[in-house]
Amino acid sequence: MRKGLVIHRGEKELARGAAALFHDAGRAAIRERGLFTAVLSGGRTPRALYELLGAEYRDKADWGRVHLFWGDERCVPPDSDESNFKAANDGLISRIAIPSENIHRIKGELPPKEAALAYEDEIRSFFRLGPGKLPPFDLVLLGLGADGHTLSVFPGTNALGEKERLVTENYVSLLGSWRVTLTIGALRESRKAMFLASGWDKAAALRDVLRGKAPVAGPARMVEAREVVWLVDREAAALLGEQSD
0 MRKGLVIHRG
10 EKELARGAAA
20 LFHDAGRAAI
30 RERGLFTAVL
40 SGGRTPRALY
50 ELLGAEYRDK
60 ADWGRVHLFW
70 GDERCVPPDS
80 DESNFKAAND
90 GLISRIAIPS
100 ENIHRIKGEL
110 PPKEAALAYE
120 DEIRSFFRLG
130 PGKLPPFDLV
140 LLGLGADGHT
150 LSVFPGTNAL
160 GEKERLVTEN
170 YVSLLGSWRV
180 TLTIGALRES
190 RKAMFLASGW
200 DKAAALRDVL
210 RGKAPVAGPA
220 RMVEAREVVW
230 LVDREAAALL
240 GEQSD
């Protein structure tokens, strides 16, 4: 597993770097395999990325060959302001020429377990996965919580120990709500995982994950893919002692 770290001066530069990487990964995947499968993330940091992709890359990418998935979703309808799908739809999907059948969203309006099982079925069907096989996503966007969580796999929750399923329902007592999330293990065959982290509130978590000080059960530290790259801003990297680009 290859790892990399790129430190940007601020959130705008981080978003531009992420957009360029997203576009380059897409072009390479389409050239090599005829399509590009990307897993989108929720949270604050990716919103600027989606807006850039929906504006500056609107006519540069072959969106008809792009398939979009989600790493996690809140258990809310797709038109809710809390929906990860809505955030991506407002900033990106509504602005590009992408077929509706290429949008593989988690149905957060369903009961949590039903939504999780349905999404796992959709992923297995799309990739034609046999028993025990994992999806080879081309690019997975991931965030980092101040507590070290990623996806909706929070410390101390049941999803952290899930070994068999690709997608699981997860009750987060700290938030008092259900989430539907890919499991950490579901990412292992992904070609590239790209973490995005910005802001002072992520500095301690980023240091702990990258410097090996996180607890063994720290979710973000457990992520494995063929390649893992971290794109962070200067504030998030403040405790790393490294220079920005």
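Okay, so the sequence shown: first residue is 0 according to numbering that gives the first Met the number 0, each after it adds one.
Beta carbons: idealized from backbone N, C-alpha and C, even for Gly.
Note that the structure is predicted; figures quoted are calculated from it, not measured.
With respect to the C-alpha of H66, the residue from H7, I102 and P134 having the closest C-alpha is I102. Rounded to whole angstroms, the separation of the alpha carbons of A204 and I6 is 15 Å.
Within the segment 7–63, the runs of alpha helix (DSSP H) at least 4 residues long that lie entirely inside it are, in chain order, 10–32 and 45–54.
Measuring C-alpha to C-alpha distances from L238 to each of H148, R206 and M221 identifies R206 as the nearest.
Per DSSP, R73 is one residue of the beta strand (DSSP E) stretching across D71 to R73. By the Cβ-count criterion, A96 is exposed, with fewer than 16 other Cβ atoms from all chains shown falling within 10 Å of its own Cβ.
Judged by DSSP in its simplified three-state form, R178 adopts strand.
Here L67 carries a strand assignment [DSSP, helix/strand/coil]. Beta-bridge analysis with DSSP links T167 to T180. Here the alpha carbon of E168 sits roughly 14 Å from the alpha carbon of A185. Restricted to the segment 78–154, the alpha helix (DSSP H) segments that are unbroken, complete and at least 4 residues in length are 83–90 and 111–126, listed in chain order. In the three-state reduction of the DSSP assignment, V208 falls in the helix class, which pools H, G and I.
If you draw a straight line from the Cα of A18 to the Cα of F35, it is about 15 Å long. Using a Cβ-Cβ distance cut-off of 8 Å, the segment 78–89 and the segment 118–129 are not in contact, since fewer than three pairs of beta carbons, one from each stretch, lie closer than that value.
Under DSSP, the beta-bridge partners assigned to K2 are V227.
Taking every protein chain shown into account, the CB of G9 has fewer than 16 other CB atoms within 10 angstroms, so this residue is exposed. CA-to-CA, the gap between A37 and L138 works out to about 5 Å. A contact is defined here as three or more CB-CB pairs under 8 Å, and the segment 51–65 meets this definition with respect to the segment 14–28. Between C74 and P45, the CB-CB gap reaches or exceeds 7 Å. With a threshold of 16 other beta carbon atoms within 10 Å, P218 meets it and is buried. The Cβ-Cβ distance between D200 and A114 does not fall below 7 Å.
By DSSP's assignment, M193 forms a beta bridge with L140 and V228. Less than 7 Å separates the beta-carbon of A235 from that of A202. The C-beta distance from S79 to L140 rounds to 20 Å, too long to meet the 8 Å contact threshold.
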